[in-house]
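Novice: Residue numbers (this note's numbering): 1003 to 1153.
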Amino acid sequence: MNRALWKKAVSDAWPQLAASCILLVAFGWIFVWLMSLFEMPQWLKLLRLMPDFVEPILGVPMARLATPAGRLSVLYVHVITLLPCIGWAVGRGSDAVSGQISRGTMEFLVTLPTPRASLLVAPAVVATLGSALLALSVWAGAGLGLASFEL
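Shown next as structure tokens:
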């Protein structure tokens, strides 16, 4: 593999990755803090106000969501958690080819004496490792929150 391709893939991805990781750690911590403000009976009353059709959509009994683990599990399916992950997947996936074309660098990269597959392997590996880092960021934010507050 060409070292320049790896360097370019990392340098293209790191600003989005850094911003997304910071957002996910901060949101995980804030989410645990907000959940710690609700007492368990209050949370159960809030869940009982939900219409009957919500429970089949969730796929989890409401009583299970009233436990501390159930309250924390909402963090992993919250829209603020999912948006940076979707943005990362779409951004890195589209940047591998169409980003190079729009910047005018694809024509240059294709003329290099490297295998064509190597043009896509480096961005794919960076995207995969970045996805793992995003998941670790959510987990770290929840861990920091649990270390700071009691659910």
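Beta carbons: idealized from backbone N, C-alpha and C, even for Gly.
Predicted model only: the values in this text are computed from it and were never measured.
1. Alpha carbon to alpha carbon, what distance is there between Thr-1130 and Leu-1025?
2. So, are the CB atoms of Val-1128 and Ala-1020 less than 8 Å apart?
3. Could you compute how far the alpha carbon of Pro-1086 sits from the alpha carbon of Ala-1134?
4. For Gly-1143, which residues from the same chain have a beta carbon less than 7 Å from its beta carbon, with the 5 sequence-adjacent residues on both sides left out?
5. Which residues in the same chain have their Cβ closer than 6 Å to the Cβ of Pro-1070, if we skip the five residues on either side of it in sequence?
6. Answer with buried or exposed for Phe-1055, where buried requires no fewer than 16 other C-beta atoms within 10 angstroms of its C-beta.
7. Kindly indicate the opening and closing residues of the alpha helix (DSSP H) around Phe-1033.
8. Rounded C-beta distance between Leu-1121 and Leu-1007? I'm assuming under 8 Å.
9. Would you please state the rounded distance, in angstroms, between the beta carbons of Ala-1119 and Ala-1098? I believe it to be under 8 Å.
10. Would Cys-1023 pass as a contact of Leu-1136 if the rule is Cβ separation under 8 Å?
11. With a threshold of 8 Å, are at least 3 pairs of Cβ atoms found where one atom belongs to the segment 1057-1074 and the other to the segment 1042-1049?
12. If contacts are defined as beta-carbon pairs under 8 Å, then Met-1037 and Leu-1074 qualify, I think. What distance do you get, rounded to the angstrom?
13. Apart from the five residues on each side of it in sequence, which residues of its chain come closer than 8 Å, Cβ to Cβ, to Glu-1057?
Specialist: Once the coordinates are examined:
1. 19 Å
2. no
3. 13 Å
4. Leu-1026, Val-1027, Ala-1028, Phe-1029, Gly-1030 and Trp-1031
5. Leu-1153
6. exposed
7. 1005-1039
8. 7 Å
9. In fact, because the Cβ distance is near 12 Å, the residues do not count as touching under 8 Å.
10. yes
11. yes
12. 7 Å
13. Pro-1063 and Met-1064
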